[in-house]
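Asker:
In the UniProt record's numbering, the protein residues as written are 1 to 195.
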């Protein structure tokens, strides 16, 4: 059987609403974020026949765990069904974490207007090659079950989908990173599922 992976991003957080970069730091889901998590959970529950047959992997960061718990509630699975995996964490954004993106774009226009991945240019940010390696390590893990639900983040989720689809570097950053949709990875194809 070919592996099927649903890749979800956490719902909107307070930092998302404030346009702050999060990276490895955390903020809680907003009311909209809770609605988005519930909408993803409702849509997901209509797509899978028996939730007990699915493994749930989550980034250990609080916003992903908060979303994962909502998913489990809707699927009527216990919280201990969630497997936390550091490989699924968001890309670390170094010294720019918690700063507002519009402020950074004004301060560094030569970076933010020139490259799609400008936020990875932060001092002490995680290097793309390192993020790619840990996400590819997860994706190629032989212990990974055949049916998996992943709750992660925007940037790391884009890299994960890009690795799965064999995208070039610039194509990875042209992908959307929605909080009102998720993605099905199956037979080498990536399908967007709107909630």
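Note that the Cβ used here is the ideal one computed from N, Cα and C, for glycine as well.
1. Quick one, which of 189, 195, 26, 170 has its alpha-carbon nearest residue 179's?
2. Between residue 100 and the rest of its own chain, which residues show a CB-CB distance below 7 Å, the 5 nearest in sequence each way excluded?
3. I think residue 137 touches residue 87, with their Cβ atoms under 8 Å apart; what is that distance to the nearest whole Å?
4. Give the range of the alpha helix (DSSP H) segment to which residue 134 is assigned.
5. Of the choices 4, 70, 36, 31, whose alpha-carbon is the least far from that of residue 181?
6. For residue 9, count neighbouring C-beta atoms within 10 Å of its own C-beta (all shown protein chains included) and say buried if the count is 16 or more, exposed if not.
7. In three-state terms, what does DSSP make of residue 15?
8. Just curious, the beta strand (DSSP E) that residue 84 is in, first and last residue?
9. Tell me whether residue 158 is buried or exposed, calling it buried when 16 or more other Cβ atoms sit within 10 Å of its Cβ.
10. Identify the residues that DSSP records as bridge partners of residue 194: which are they?
11. Give the straight-line distance between the Cα atoms of residue 95 and residue 50, rounded to the nearest whole angstrom.
12. At 4 residues or longer, what runs of the alpha helix (DSSP H) sit wholly inside the segment 5 to 72?
13. Closest to residue 123 by C-alpha separation, out of 97, 169, 79, would be which residue?
14. Any idea which residues DSSP pairs residue 186 with across the strands?
Answerer: Considering the structure as presented:
1. On the chain shown, residue 179 is found 179 positions in, with the first residue counted as 1. It is 195.
2. Numbered from 1 along the chain shown, position 100 holds the residue referred to as residue 100. Cβ within range, chain order: 18, 19, 20.
3. Sequence index remark: in the chain shown, residue 137 carries index 137 (1-based). Sequence index remark: in the chain shown, residue 87 carries index 87 (1-based). Going by Cβ atoms, the distance from residue 137 to residue 87 rounds to 6 Å, so yes, they are a contact pair.
4. Position 134 of the chain shown, counting from 1, holds the residue named residue 134. Unbroken alpha helix (DSSP H) run through residue 134: 128 to 139.
5. As a working mapping, residue 181 is identified with position 181 in the chain shown. Of the candidates 4, 70, 36, 31, the one whose C-alpha sits nearest the C-alpha of residue 181 is 36.
6. Within the chain shown, residue 9 is the residue found at index 9, counting from 1. Buried.
7. Position 15 of the chain shown, counted from the start, is the residue given in the question as residue 15. In the structure shown, residue 15 sits in a helix (DSSP, three-state: H, G or I).
8. On the chain shown, residue 84 is found 84 positions in, with the first residue counted as 1. Looking at the DSSP string, the run of the beta strand (DSSP E) that includes residue 84 is 82 to 84.
9. As a first step, residue 158 must be located in the chain shown, where it is residue number 158. Label assigned to residue 158: buried.
10. Here the question's residue 194 lines up with position 194 in the chain shown. Residue pairing of residue 194 in beta bridges, as defined by DSSP: 181.
11. For the purposes of this step, residue 95 is taken as residue 95 along the chain shown, with counting starting at 1. For the purposes of this step, residue 50 is taken as residue 50 along the chain shown, with counting starting at 1. Their Cα atoms are separated by approximately 43 Å.
12. 14 to 17, 31 to 45
13. In the chain shown, residue 123 corresponds to position 123, counting from 1. The shortest C-alpha separation from residue 123 is found at 97.
14. The residue you call residue 186 lines up with position 186 of the chain shown. Looking at the DSSP assignment, residue 186 forms a beta bridge with 4, 189.
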